[in-house]
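If you read the sequence shown in numbering that gives the first Met the number 0, its first letter stands for residue 0, the second for the next number, and so on. Shown next, in structure tokens, is the structure this report addresses.
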Amino acid sequence: MELVYIAMLLHKAGKEINEGNVKKVADAVGLSLDGSQIKALVAALDGVDIDKAIEEAAIPVASAGPVASSHAEKKEEHKEEDQEKKAEEAAAGLGALFG
Numbered sequence: 000m001e002l003v004y005i006a007m008l009l010h011k012a013g014k015e016i017n018e019g020n021v022k023k024v025a026d027a028v029g030l031s032l033d034g035s036q037i038k039a040l041v042a043a044l045d046g047v048d049i050d051k052a053i054e055e056a057a058i059p060v061a062s063a064g065p066v067a068s069s070h071a072e073k074k075e076e077h078k079e080e081d082q083e084k085k086a087e088e089a090a091a092g093l094g095a096l097f098g
């Protein structure tokens, strides 16, 4: 996971993601990474458009709104059903008094 953070930090800073830069950042924060991990990271990110990958991975915040309102609508429907059921029970009780 640290390697992903290092890559994102270098990208955000506008620096090239290469073995030397990754090693410098890892050393600066006290991480001991072996060369194969760094080489694998650099190779995996070769040719990747990081901005596009971040954009595609982002979860839209606006989608949470309809889910919340849908839940509220269901709760309101359930509340209305409960009120109707209570009204029917009350009417049935009155019918028994005069029945």
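The beta carbon of each residue, even a glycine, is placed where N, CA and C say it ideally should be. All figures in this text were calculated on a predicted structure; none of them were measured in a lab.
With a threshold of 6 angstroms on Cβ separation, who are the neighbours of Asn20 within its own chain once the five nearest residues in sequence on each side are excluded?
Leu9 and Lys14
One question on the structure: do Glu55 and Lys38 come within less than 8 angstroms of each other, judged by their Cβ atoms?
no
I need the DSSP call for Asn17, collapsed to helix, strand or coil.
coil
For Val28, tell me which candidate among Asp45, Glu1 and Ile49 has the shortest Cα-Cα distance.
Glu1
Collapsed DSSP secondary structure at Leu93 in the structure displayed:
With a pLDDT of only 49 at Leu93, under the threshold of 50, the placement of this residue in the model should not be trusted, and no figure is reported.
Where the alpha helix (DSSP H) through Met144 begins and ends
Examination of residue 144 is not possible in this model, given that the chain is present from 0 through 98 alone.
DSSP three-state label for Ser31, please.
coil
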